[in-house]
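Notes to accompany the following structure.
Chains as they are written, first to last, in the numbering used here: chain A, 1 to 761; chain B, 762 to 852.
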């Protein structure tokens with residue numbers, strides 16, 4: 001944070017329901033001066049920024065709290081957003097200095113005020129900012145903000161976010177509050193006024209207040225007594241827990257007696273009180289005229305199609321298809337250009353520059369093939385990621401994401417996931433990296449974790465390039481069936497893993513699924529661009545930390561040679577030959593060592609597999625000569641990488657195998673069974689390094705390793721089981737032993753991983 | 762009639778038993794854990810409130826109800842705990 005601390009006059013906290021325009025106000029207030037980080041301990045993004053005061057003299061720090069519907073501490077910590085908000089308001093918030101800006105939605109006054117009342121019950125200094133005022137006015141409803149201010153007992157400012165002067169009045173109001181610091185404790189009548197309509201609650205409240213007055217040492221004493229008493233009646237377990245046992249028992253007894261006398265539990269009665277008060281306030285504030293609800297009408301017509309029982313799913317798939325088409329095909333056509341240009345710049349260019357200055361060979365390798373290649377890999381991802389995040393932002397901003405949650409909920413509940421989880425999984429078919437990152441759109445930590453863990457089994461487009469080459473060699477007649485079967489196997493492994501996790505480690509506590517269906521919203525290009533940019537930048541930052549060191553390591557390993565039969569051979573290739581027997585049960589004979597090395601290179605990126613197989617099968621002389629850098633050559637390469645030049649001579653990833661390599665490969669694999677087993681392994685084993693590093697960042701090291709080990713074991717076991725059953729007739733005993741061994745390996749592996757994860761917890 | 766003073770003229774049914782487009786008044790929320798109930802309450806699903814069942818998802822599970830001008834997605838499990846009395850439609 002690069003602002004002068006002394007000149008920060010106050011912290012303001014933006015607080016309100018989801019989708020009330022909090023983010024818009026945050027962006028307006030802070031402009032460019034904002035940064036995104038995670039809230040401590042959780043992977044929920046928190047935003048922080050600052051704005052200058054009206055006289056440009058001092059700063060106001062702005063914190064954006066996650067949106068929520070109620071101030072409540074969830075013991076199961078499933079609803080992280082609410083947990084963060086609760087923690088912030090009860091602990092971090094400085095009630096003498098800081099100010100809350102509570103944003104309420106004029107179109108949903110009742111529900112917004114429910115949260116406002118809870119805030120006022122806490123007796124925190126706040127300013128109420130009303131958004132969507134223009135929408136309400138169009139409907140012919142006038143709101144009297146002075147009266148609202150009087151009713152609530154705090155300043156009320158109408159926001160029409162497009163206008164500049166609303167920001168000024170907001171800032172003026174903040175500065176006025178700052179001038180009157182320390183904020184006076186608001187009048188305690190608020191709670192009494194709230195509950196007066198329920199005599200039973202009033203009585204119980206008084207009783208609890210007396211008990212609290214006798215309390216000597218407890219953390220609850222830092223909060224106003226009447227609020228604590230109210231929360232106890234409201235069933236706030238986090239506060240009850242801090243009381244001595246005697247009092248806890250008393251609270252329980254009081255709650256029970258209320259439920260018996262009134263036939264409703266106390267929290268419902270209190271909620272009823274709140275709604276009564278809200279109705280009273282709104283009746284004072286709202287001046288009706290004719291209600292012509294055009295927006296709702298438009299919403300309803302759109303939803304009649306979008307959420308239609310029969311059309312909803314086909315429409316959803318069309319939308320997903322379009323997203324794919326745009327990001328993989330259209331934005332992806334730039335990928336080649338990014339690849340070639342960044343390769344020329346950071347790998348070839350750097351290498352030739354260093355060669356001219358007579359730098360030692362190992363340093364060139366480290367900088368060009370390590371650092372350069374790392375940057376090159378990251379750059380190559382950017383166009384597709386930008387496309388996917390743009391559309392992700394679009395469907396979230398327009399309100400379609402909420403509809404997806406509705407459409408797909410039943411299907412995904414099979415895995416205990418919310419309907420929204422379908423989107424990251426679908427994106428996984430394009431590329432696993434944005435899919436893992438898109439899991440952030442899910443609300444609960446467990447759901448996010450599960451989604452990230454099963455995403456790598458979605459066969460990405462890079463793996464497809466491996467399938468196509470193998471199909472053209474081994475399954476000429478039924479290539480599409482083979483590819484389809486592979487995709488299905490990937491999905492079923494995802495489901496299998498998901499179910500296993502759900503029923504063991506990630507058991508979901510039954511929590512309610514209630515969600516607001518957001519109204520359609522005209523997407524703001526500015527906000528979506530900002531979202532895309534933030535995601536891309538986050539990707540670059542996180543990826544570089546892990547990918548570049550690993551690339552450098554690989555590059556170094558690539559230079560070490562050993563003597564073998566009077567030839568100097570790369571250590572890596574020698575190692576490949578050495579470990580090949582491990583893959584014998586899945587049909588890779590020891591003379592087929594290029595296949596093994598192909599698998600190793602696939603850890604870096606799946607696109608590389610075909611490239612390295614091509615070199616290995618055609619020459620089998622593994623030492624690569626660095627081509628001399630020439631401008632003519634570079635220009636040719638760039639020219640061929642342009643999206644509108646259709647012959648892809650220059651595309652190294654999609655380059656099919658040469659004739660010689662193909663013949664060699666067919667000969668060494670022997671039959672199609674071994675080839676299919678190989679494809680199964682490629683489908684399921686370690687996803688590319690980029691996915692691994694994003695996964696590690698997203699769900700933590702231990703879960704990341706879990707994902708790696710589990711997927712590799714599963715890949716090996718599946719490939720072996722397939723190959724052994726396919727060749728069962730040749731060697732029944734051996735096959736039987738292998739299949740048995742693999743199944744017990746899976747079971748053992750699962751038990752071990754389960755154990756480890758539980759001890760880690 | 763229940764003790765809370767809410768008159769129950771019609772037959773009390775759960776939210777699952779009313780048809781799309783029908784209006785109903787919430788009579789009581791039963792058997793929901795306090796933590797699950799809290800969100801429903803904050804969304805405006807309190808006894809006495811009138812809601813409209815708008816539509817059912819393609820797979821038949823979540824429902825959309827309109828309450829206090831907001832559309833809420835509710836899954837069947839919650840809906841089965843919301844007891845309502847149907848309000849005969851005016852048309």
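Cβ coordinates follow ideal geometry from the N, Cα and C atoms, glycine included.
The model shown is predicted, which means the values in this text are computed figures rather than measured ones.
Mind checking whether residue 774/B and residue 847/B have CB atoms under 8 angstroms apart? Taking 8 angstroms as the Cβ cut-off, residue 774/B and residue 847/B qualify as a contacting pair.
Candidates 236/A, 248/A, 234/A: which alpha carbon is nearest residue 215/A's? Out of 236/A, 248/A, 234/A, 248/A has the C-alpha closest to the C-alpha of residue 215/A.
For the candidate residues 123/A, 137/A, 319/A, whose alpha-carbon lies nearest to that of residue 227/A? Nearest of 123/A, 137/A, 319/A to residue 227/A, Cα basis: 123/A.
Going by DSSP, what residues sit across from residue 773/B in a beta bridge? Answer is 846/B, bridged to residue 773/B.
Where residue 568/A falls: helix, strand or coil (DSSP): Correct three-state label for residue 568/A: strand.
Taking 8 angstroms as the CB-CB cut-off, is residue 782/B touching chain A? Cβ-Cβ to chain A under 8 angstroms: no for residue 782/B.
Cα-Cα separation between residue 69/A and residue 682/A, rounded to whole angstroms: If you take the alpha carbons of residue 69/A and residue 682/A, they lie about 46 angstroms apart.
Interface residues of chain A facing residue 834/B [CB-CB closer than 8 angstroms]: Simply 402, 405, 406, 409, 513, 514, 515, 516, 517.
What ranges does the alpha helix (DSSP H) occupy inside the segment 669-702 of chain A, keeping only unbroken runs of at least 4 residues that lie completely in it? Runs of the alpha helix (DSSP H) lying entirely within the segment 669-702 of chain A, each at least 4 residues long, are 672-684, 689-699 in chain order.
Mind checking whether residue 800/B and residue 514/A have CB atoms under 8 angstroms apart? Yes; because the gap between Cβ atoms is below 8 angstroms, this pair is in contact.
Measure the Cβ-Cβ separation of residue 677/A and residue 723/A and say whether it is below 8 angstroms. In this structure, residue 677/A sits near residue 723/A, with a CB-CB distance shorter than 8 angstroms.
According to DSSP, simplified to helix, strand and coil, what is residue 270/A? Helix at residue 270/A.
I want to verify the contact list: residues of chain A whose CB lies under 9 angstroms from the CB of residue 818/B, in sequence order. Near residue 818/B (Cβ distances below 9 angstroms), the residues of chain A are 307, 309, 312, 406, 407, 408, 409, 410, 419.
Nearest-angstrom Cα separation, counted from residue 73/A out to residue 238/A: Spanning the two alpha carbons is a distance of roughly 7 angstroms.
Closest Cα partner of residue 703/A within the set 505/A, 583/A, 179/A, 458/A: With distances taken between Cα atoms, residue 703/A lies closest to 505/A.
Any residues in the segment 102-114 of chain A with a beta carbon nearer than 8 angstroms to a beta carbon of chain B? Which ones, in chain order? Only those residues of the segment 102-114 of chain A whose C-beta falls short of 8 angstroms from the nearest C-beta of chain B are listed: 107, 108, 110, 111, 114.
With 16 other Cβ atoms within 10 Å as the buried cut-off, status of residue 623/A: The pLDDT assigned to residue 623/A is 48, lower than 50, so where the model puts this residue is not dependable, and the model offers no usable value.
Which two residues bound the contiguous beta strand (DSSP E) that contains residue 515/A? Here the beta strand (DSSP E) through residue 515/A covers 514-516.
Identity of the residues DSSP links to residue 279/A by a beta bridge: Paired residue(s): none; residue 279/A is not in a bridge.
Can you tell me where the alpha helix (DSSP H) holding residue 206/A begins and where it ends? For residue 206/A, the enclosing alpha helix (DSSP H) has its first and last residue at 199-214.
With a threshold of 8 angstroms between beta carbons, is residue 649/A in contact with chain B? A caution first: residue 649/A carries a pLDDT of 43, below 50, which makes its placement in the model unreliable, though a value can still be read off. With 8 angstroms as the cut-off, residue 649/A does not count as an interface residue toward chain B.
Drop a sphere of 10 angstroms on the beta-carbon of residue 762/A, count the other beta-carbons inside from all chains shown, and report buried for 16 or more, exposed for fewer. Here chain A comprises residues numbered 1 to 761, so residue 762/A is not present and cannot be evaluated.
Three-state secondary structure assigned by DSSP to residue 49/A: In this structure, residue 49/A counts as strand in the three-state DSSP scheme.
Using 7 angstroms as the cut-off, classify the Cβ of residue 72/A as near or not near the heavy atoms of the ligand FMN, replying yes or no. This structure lacks the ligand FMN, and indeed carries no ligand of any kind.
Would the beta-carbon of residue 805/B fall within 8 angstroms of that of residue 755/A? Cβ distance not < 8 angstroms, so residue 805/B and residue 755/A don't count as in contact.
Under DSSP, the beta strand (DSSP E) around residue 130/A begins and ends at which residues? Going by DSSP, residue 130/A is part of the beta strand (DSSP E) stretching over 126-131.
Can you list the residues of chain A that residue 863/B reaches, using a CB-CB cut of under 7 angstroms? Residue 863/B falls outside the range modelled here, since chain B spans only 762 to 852, and no answer is possible.
By alpha-carbon positions, which one of 273/A, 314/A, 479/A ends up nearest to residue 196/A? The shortest Cα separation from residue 196/A among 273/A, 314/A, 479/A belongs to 273/A.
Is the Cβ of residue 520/A closer than 8 angstroms to any Cβ of chain B? Chain B contact via Cβ: absent.
Going by the CB atoms, is the gap between residue 753/A and residue 718/A shorter than 8 angstroms? Not closer than 8 angstroms, so no.
Separation of residue 31/A from residue 527/A, as counted between CA atoms: Straight-line Cα distance between these residues: approximately 12 angstroms.
Since residue 59/A sits in a beta bridge, which residues does DSSP pair it with? DSSP output for residue 59/A lists 8/A, 52/A as bridge partner(s).
Note down, in chain order, each residue of its chain lying with its Cβ closer than 7 angstroms to the Cβ of residue 109/A, except the 5 sequence neighbours on either side. The answer, listed in chain order, is 282.
Cutoff 7 angstroms; reference residue 390/A; Cβ partners in own chain excluding five residues on either side: Result list for residue 390/A: 528, 532, in chain order.
Tell me the DSSP secondary structure of residue 35/A in three-state form. In the structure shown, residue 35/A sits in a strand (DSSP, three-state: E or B).
Interface positions of the segment 251-271 of chain A facing chain C (Cβ-Cβ less than 8 angstroms), listed along the chain: Looking for chain C here will not work: the only protein chains present are A and B.
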